[in-house]
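Note sheet for the following structure.
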Amino acid sequence: MSDDPHSNPNNYSDHSNHARGFAALLPHKHDKHSDHAPMPSKPCCDTGGHRVDSDGSHKRVVFIGNPNVGKSSLFNAILGTKARVMNAPGTTVLLEEGEYDHDGSSWDLIDTPGTYSLLPLSPDEQVAADAVMGLDGEREPDLIVTVLDATNISRALYFLAMVLELGKPTVVALTMNDLAAKQGAGLDVNKLSQALGGVPIVAVNGRTGEGRARLMAEVAAHFDGTPMPKGLHPIDPHDVDVKQWVEAGADARFDWAARVLAQINMQERDRVTMSDRIDRVLLNPVLGILVFLAIMFVVFQATTSSLDRLRIGSTAR
Ligand SMILES: Nc1nc2c(ncn2[C@@H]2O[C@H](COP(=O)(O)OP(=O)(O)O)[C@@H](O)[C@H]2O)c(=O)[nH]1
Ligand SMILES: [Mg+2]
1 MSDDPHSNPN NYSDHSNHAR GFAALLPHKH DKHSDHAPMP SKPCCDTGGH
51 RVDSDGSHKR VVFIGNPNVG KSSLFNAILG TKARVMNAPG TTVLLEEGEY
101 DHDGSSWDLI DTPGTYSLLP LSPDEQVAAD AVMGLDGERE PDLIVTVLDA
151 TNISRALYFL AMVLELGKPT VVALTMNDLA AKQGAGLDVN KLSQALGGVP
201 IVAVNGRTGE GRARLMAEVA AHFDGTPMPK GLHPIDPHDV DVKQWVEAGA
251 DARFDWAARV LAQINMQERD RVTMSDRIDR VLLNPVLGIL VFLAIMFVVF
301 QATTSSLDRL RIGSTAR
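Counting along the sequence shown from 1, when you hit position 33 you're at 33 in full-length UniProt numbering, and nothing is skipped either side.
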């Protein structure tokens, strides 16, 4: 019953639901010094206008992450009314873009559709992968903001590994810390950053925008590069077969993510969705059959009782 298309190994080898148990991170121009400024109003929509920075002189910062990790909320909290919705070049896929001013320079921020992998399964994922890898005519990012969900940390780390392998300056925005804390699984951001060999991580709240000023300060400080954690090996997406790279490195990424989790004393404890719970029942060899028999019984009862009512109705006439 899982709705994750990457869970089908026939479709894809980015094992978001890997057999080893991995079930499955700016202030607005006017409030860039405050993490607690009021949330800006909704972005305007512009599906036919020009793209930001047409002469390519601005630093390009691409936001990427799994679906529903809070990328767009965070992006809008940072850009406010300066965010605009555009079509990705040559596609009907919508991207959010906007110019962000930081200490006298302008950067272009790009929000991408959610993706579980850099090996895309859908046009949306293709747009996200192209934007972060600088493929298919997309300008290469100068820095990648990888948005990770603190309640899905093992899946998040697997995805981060792929992004880090691109060898681009990368800053992590860690969302959903409020939820993780409620679940008793709050993460120590400094400890996690250490376990990642010094990759900068900022705890943010996509919903309230808290942490956005710190995030953008880290972005400003890292255009010259961020560390490559031990155990990961950089590639150039222009020189490799992306499918082969993503698939061949899957096991090594899971091993790396497991080692990082062990270093921060975390179990592979990811958010269990309603779909996961239903899967557990329906795929259980005993419970699954009982549920099947119960459904068959209810269908049988419903059919026979309506037939009875029809028969009684027709004999009464
Ligand atoms: N509790 C909590 N909710 C968040 C946080 N960040 C985003 N959300 C919520 O998560 C949902 C998905 O966010 P969205 O920005 O659409 O995710 P996207 O798919 O990654 O762009 C929305 O309901 C947000 O309000 C956070 O840090 N904590
Ligand atoms: Mg989004």
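Built from N, CA and C at the ideal position, the CB exists for glycine as well.
- Counting only runs that start and end inside the segment 189-264, the beta strand (DSSP E) elements of at least 3 residues fall at 201-203.
- Taking each of Ala221, His58, Val62 and Ser154 in turn and checking the Cα distance to Asp130, the smallest one comes out for Val62.
- DSSP lists Ser105 as the beta-bridge partner residues of His102.
- Just measuring C-alpha positions, the residue of Lys230, Ile235, Ala213 and Lys243 sitting nearest Asp255 is Lys230.
- Cβ contact annotation for Gly137 (same chain, cutoff 6 angstroms, sequence separation greater than five): none.
- In the structure shown, Met296 adopts helical secondary structure according to DSSP, grouped into three states.
- Annotation note: the segment 77-161 contains the following uninterrupted alpha helix (DSSP H) runs of length 4 or greater, listed N- to C-terminal: 123-133.
- By the neighbour-count criterion, in which 16 or more other beta carbons inside 10 Å mark a residue as buried, Ile312 falls on the exposed side.
- Non-local beta-carbon contacts of Gly186 in its own chain, meaning distances under 6 angstroms to residues more than five positions away in sequence, involve Ala180 in chain order.
- Annotation: the continuous beta strand (DSSP E) that includes Lys59 extends over Lys59 to Gly65.
- Distance from the C-beta of Gly98 to the nearest heavy atom of ligand 2 is not below 7 angstroms.
- Distance between Asn284 and Arg277, taken at the CA atoms: about 11 angstroms.
- CA-to-CA, the gap between Ile264 and Glu247 works out to about 27 angstroms.
- At a cut-off of 7 angstroms, the beta-carbon of Leu283 does not count as near ligand 1: no heavy atom of the ligand is closer than that.
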